[in-house]
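Taking it in order: structure first as structure tokens, then the write-up.
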Amino acid sequence: MSQTNQHRHQLPGRVVGLGWLVVMLITLSIALTVLIPPVWLPPSLQQLRYSWLGEPDFVELPANQPRELNLPELPCDPIIAARGEAREIEGLQIMRSPSCNPDHPADVAAFVKGTNNISAATLMETLLTVDAVDKRDDLDGDGDPDRIHIRLEVVELNGKSPEMSQTVPRFEIAPGIAPGFWVFAPKTRGMSTTNFGSLEANRLLRMPSPVIRVEAGDEISITLENTHYLPHTIHLHGVDHPFRDASGEGNDGVPGVSERMVFPGEARTYEFKARQTGTMFYHCHVQPQVHVMMGLNGMLVVEENRPDNWLQTLNVGAGHVRYPSVASREAYDREYDLHYFDVDKDLNDLIKEYNDPRLIAKATNRGYNATQRTAEYYLLNGRSFPFTLLESAVVVDTGEHIKLRVLNGGLEPVSLHTHGHKVRITHYDGVEQNPLAQITRDVVFLSSAQRLDLLLDTKNDGLHSYGSGIWLLHDHREQAVTTDGINPGGDIGVIVYEDYLAANGWPRFFGDMRLYFSPDYYAGRIPVWSASDPEGRFGEPENQPVTTVRLALLGLVGFLLFGTLVILSRRLVRSVKAR
């Protein structure tokens, strides 16, 4: 018999064999569909299954999964909160600052008097070097220094360590969450951590970069001492400054346009004598799509020139200004700096991957695509809720005028909403608006890099204030009140009246806030209503057990289905080769 005829005789048998395999494949697939518990299938496949096999009989929902909540204690240490009491240091009356984590009064005194003008005892209470904020020479004879020299360093937070698996120094924005940052920081001495036994960053090394306050007409020098492993500059955004300084050096901070970058280990001094007052901005201008968004930006305030006007030159962490300017004290009862920021962890966490500056530069400048940026974290003064409650609450009393200086240092816009109040916009980007044209509203909008000065009037008249309470202050874009998608989080802050504050500065909330201080909450491991749902009605259902027989049948059918697929594929390959 010829080979062709032999192939023709064998072909019907092969077709029959393949047909049986296809029938077996279909049969096993149906059996698998019937045996698989519907809860194992995605909703679309569940509906398909029900359309084939009919709806299942009603069954009781499984019981709630038992869960014991181990709630942490509120991190409101009365010893630290006591730093907020009003006191006199170095002849200065430091304002009371009722919060869980107020600025250290010795730091405030050093920033007001100058680190070169305070006693050794006060300087030792700070972490500052003696030349961190140098103040001297009353040039106009009005009782305050007019030559101010500020020294800033560049610090990495939550970066990779060559010696341990943890990131150092550690700065959390929310419980268990610590993205990488680069920040400007005052020149400090000693350890970057709080002590030898801790990885936590010391109190002066944090987000955001510090607020700088200067007086119009003063001779200001800001020296960038680049302690980082990458080049940087400082650009004075909105601040009246010359393109070149007196010695002919570039003074605008833009590499290749006004100057060269400040390389690691180098220093450069930027000089200006501001003629216009207002709320301004400063930031690095090296690869700004990376460096600015890593945290190298801060608020810069130019105050009115007044006699005996000693300013709090730096406000580390922003927030409450414990030693306001003369002009501020004349018009306002309290003043707060509010710095909003957003974080894309795809960028910020790159510094956790490498110790080699070349690899970090490659990953951030060439690997990361800023046009595809998506923010997961939203910050107020360097923190997300609930940490914002510890140090950035806007504390007020009835009948007060409060100055709010607001900066959007992030990339996304901010739609800032004040519960229980309407605020008046007095300045845009440092420029005062005509009083007749000033707008009063309960949502104000800031684009990236924009600044607003707001008057918060707590007169209980139904317009400016609705009365005493704990009123939220937040970006009304709903993603901004989450932390990586978990609510409440993000840049939620509060306007809290004194009669709603506990002695330690903690607001007297209706509900229990301890749940939100658990890292498990923001890791998605705790149902969001657990604190107010003791019965667990909205918790996790118990896992429904699958019987041993059903599991055995599933395993057998799965095995047979896999074997059938293997045999069928081999038969098909042979058929193709035979042709």
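Mapping the sequence shown onto the numbering used here, position 225 (from 1) lands on 438, and the numbers just tick up by one.
Here a beta-carbon is modelled for each residue, glycine too, at the ideal position from N, C-alpha and C.
Quick one: Cα of residue i to Cα of residue j, how far?
i	j	result
aspartate 642	isoleucine 739	42 Å
histidine 220	serine 788	Note that histidine 220 has pLDDT 49, beneath the 50 cutoff, so the model's placement of it is unreliable and no number is given.
glycine 532	tryptophan 253	50 Å
glycine 718	threonine 601	13 Å
glycine 389	lysine 635	35 Å
glutamate 748	glycine 297	40 Å
valine 657	proline 279	45 Å
proline 599	phenylalanine 730	7 Å
leucine 629	arginine 383	29 Å
valine 627	glycine 702	15 Å
methionine 512	arginine 426	9 Å
phenylalanine 775	asparagine 756	28 Å
asparagine 594	asparagine 314	13 Å
alanine 333	valine 534	24 Å
leucine 716	histidine 498	One detail in the question is off: residue 716 reads as alanine in this sequence, not leucine. In a straight line, the C-alpha of alanine 716 is about 44 Å away from that of histidine 498.
arginine 637	threonine 653	4 Å
arginine 419	histidine 677	34 Å
leucine 370	threonine 401	15 Å
arginine 519	arginine 618	20 Å
valine 539	leucine 305	13 Å
leucine 449	phenylalanine 456	10 Å
arginine 596	alanine 295	21 Å
valine 381	leucine 669	39 Å
threonine 446	isoleucine 363	15 Å
Looking at the structure shown, is residue i part of a helix, part of a strand, or coil, going by DSSP?
i	result
arginine 426	strand
threonine 601	helix
glycine 643	coil
arginine 519	coil
arginine 221	Annotation note: pLDDT 49 at arginine 221 (below 50); position unreliable, coordinate value reported separately. Reduced to three states, the DSSP call for arginine 221 is helix.
serine 782	helix
tyrosine 567	coil
phenylalanine 494	strand
leucine 774	helix
threonine 695	coil
methionine 214	With a pLDDT of 47 at methionine 214, under the threshold of 50, the modelled position of that residue is not reliable, and the figure given next carries that caveat. It is coil, neither helix nor strand.
glutamate 438	strand
glycine 595	coil
phenylalanine 658	strand
leucine 769	helix
leucine 527	strand
leucine 728	helix
serine 628	strand
proline 251	helix
proline 747	coil
valine 368	strand
proline 468	strand
proline 444	coil
leucine 649	helix
glycine 236	The sequence given here has valine at residue 236, not glycine. Here valine 236 sits in helix by DSSP.
asparagine 673	strand
Specify, as a first and last residue, the run of the alpha helix (DSSP H) that residue i falls within.
i	result
methionine 512	Methionine 512 -> not in any alpha helix (DSSP H); beta strand (DSSP E) instead, spanning 510-516.
alanine 487	Where alanine 487 is concerned, there is no enclosing alpha helix (DSSP H), given that its DSSP letter is neither H nor E.
glutamate 543	539-544
leucine 266	256-266
histidine 504	501-504
aspartate 670	Counting along the chain, aspartate 670 falls outside any alpha helix (DSSP H), though it belongs to the beta strand (DSSP E) covering 664-670.
With respect to the beta strand (DSSP E) encompassing residue i, which residues constitute its N-terminal and C-terminal limits?
i	result
lysine 616	614-621
alanine 398	394-399
aspartate 555	547-556
tyrosine 710	706-710
aspartate 688	683-688
threonine 577	Unbroken run through threonine 577: none, as it is neither H nor E.
leucine 449	448-450
valine 607	607-609
Given that a residue counts as buried once 16 or more other Cβ atoms are within 10 Å of its Cβ, and exposed if not, what is residue i?
i	result
alanine 606	buried
isoleucine 386	buried
tyrosine 263	exposed
isoleucine 615	buried
methionine 308	buried
serine 378	exposed
tryptophan 395	buried
glutamine 500	buried
glutamine 525	buried
asparagine 582	exposed
valine 470	exposed
asparagine 528	buried
Using beta carbons (cut-off 8 Å, strictly below), is residue i in contact with chain D?
i	result
glutamine 651	The structure shown contains no chain D; it is built from a single protein chain.
Extract the residue ranges of the alpha helix (DSSP H) inside the stretch 275-361, only unbroken runs of 4 or more that lie entirely within it.
291-294, 318-326, 333-338
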